[in-house]
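For the sequence shown, my numbering assigns the number 337 to the initial residue and increments by one for each residue that follows.
The beta carbon of each residue, even a glycine, is placed where N, CA and C say it ideally should be.
For reference, the structure is listed below as structure tokens.
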Amino acid sequence: MDTKTVIIYASTDGQTLKICNALRAQLQQNNQKIDLFSIEDFNEKITNYDKIIIGASIRYGVHNKNIIDFINTHKEQLNNKKTAFFSVNLVARKPEKNTPSTNPYVVKFFKTIDWKPTIVEVFAGKLDYQKYPFFDKIMIQFIMWMTKGPTNSDAKIEYTNWEKVKAFGVQLSNL
Ligand SMILES: Cc1cc2nc3c(=O)[nH]c(=O)nc-3n(C[C@H](O)[C@H](O)[C@H](O)COP(=O)(O)O)c2cc1C
337 MDTKTVIIYA STDGQTLKIC NALRAQLQQN NQKIDLFSIE DFNEKITNYD KIIIGASIRY
397 GVHNKNIIDF INTHKEQLNN KKTAFFSVNL VARKPEKNTP STNPYVVKFF KTIDWKPTIV
457 EVFAGKLDYQ KYPFFDKIMI QFIMWMTKGP TNSDAKIEYT NWEKVKAFGV QLSNL
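What follows is the structure, given as structure tokens:
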């Protein structure tokens, strides 16, 4: 059977997009048809798709507002489809905060939203101080200092566990 999948994402510095691209490549290897859209560019009907995957990063404690609005607007349709959601954030670099039930942003997100995806996952993102504007850099340094992470202003660390992304891709394939 021909399954049609869409991945919809919100990514500011590109890490969520990088994860989406890896997932798309993996699903395409299994001959699945995949569309990829940023939330700003998504104007299709979700009823055209069998599987809907939504990915968003955390900025200052929250997921992208357009993603939240999209989910709230389409929750009935989403609840009738095979769906997956993943969050990308830096707190998830900590082993004790890297599952959907232990990552504070994911836990809070599903308390405030009336949607139950078939699969939920959380990935650690990327830290790259040199990319951040002054204010953001100071804020992230502060957050990292609070959480015992690196604060040197040339730190550039990709915490994403690509094996975990691959395992999620396998789950998506089998969805
Ligand atoms: C301005 C800014 C605010 C952020 N706020 C948080 C935060 O509150 N908690 C957290 O765990 N990570 C936070 N992060 C880290 C991002 O979630 C992480 O860098 C992620 O890889 C970004 O993904 P993206 O490039 O797809 O947007 C923040 C990053 C930036 C640049």
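- DSSP lists F421 as the beta-bridge partner residues of V456.
- Per DSSP, reduced to three states, the secondary structure at T348 is coil, with no helix or strand assignment.
- The Cβ neighbour count for I370, taken over all protein chains shown within 10 Å, is at least 16; the residue is labelled buried.
- Under the DSSP assignment, K462 falls in the beta strand (DSSP E) whose first and last residues are 462-464.
- Of the other Cβ atoms in all chains shown, fewer than 16 fall within 10 Å of the Cβ of K492; this residue is therefore exposed.
- Note on the region 358-394: whole beta strand (DSSP E) runs with a minimum of 3 residues are 369-374, in chain order.
- At least one heavy atom of ligand 1 lies closer than 7 Å to the C-beta of D472.
- I449: not part of any alpha helix (DSSP H); DSSP gives it neither H nor E.
- Straight-line measurement puts the Cα of A420 at about 12 Å from the Cα of V506.
- Distances from the CB of D377 to the heavy atoms of ligand 1 are all 7 Å or more.
- Under a 10 Å Cβ-count criterion, S437 is classified as exposed, with fewer than 16 other Cβ atoms of the shown protein chains found around its own Cβ.
- Exclusion of the five residues before and after I344 leaves F373, I375, F378, I390 as the residues of its chain whose Cβ lies within less than 6 Å of its Cβ.
- Ligand 1 approaches Q351 closely enough that one of its heavy atoms is under 7 Å from the residue's Cβ.
- The beta carbon of K417 sits closer than 6 Å to the beta carbons of I388 from its chain, once the five residues preceding and following it are set aside; these are given in chain order.
- Relative to the non-hydrogen atoms of ligand 1, the Cβ of T438 never comes closer than 7 Å to any of them.
- For the options K467, Q477, T483, the alpha carbon positioned closest to that of D349 is the one of K467.
- Residue environment analysis places E499 among the exposed positions, since fewer than 16 neighbouring C-beta atoms fall within 10 angstroms of its C-beta.
- In this structure V427 does not touch Q351 by the C-beta definition: roughly 14 Å separates them, more than the 8 Å allowed.
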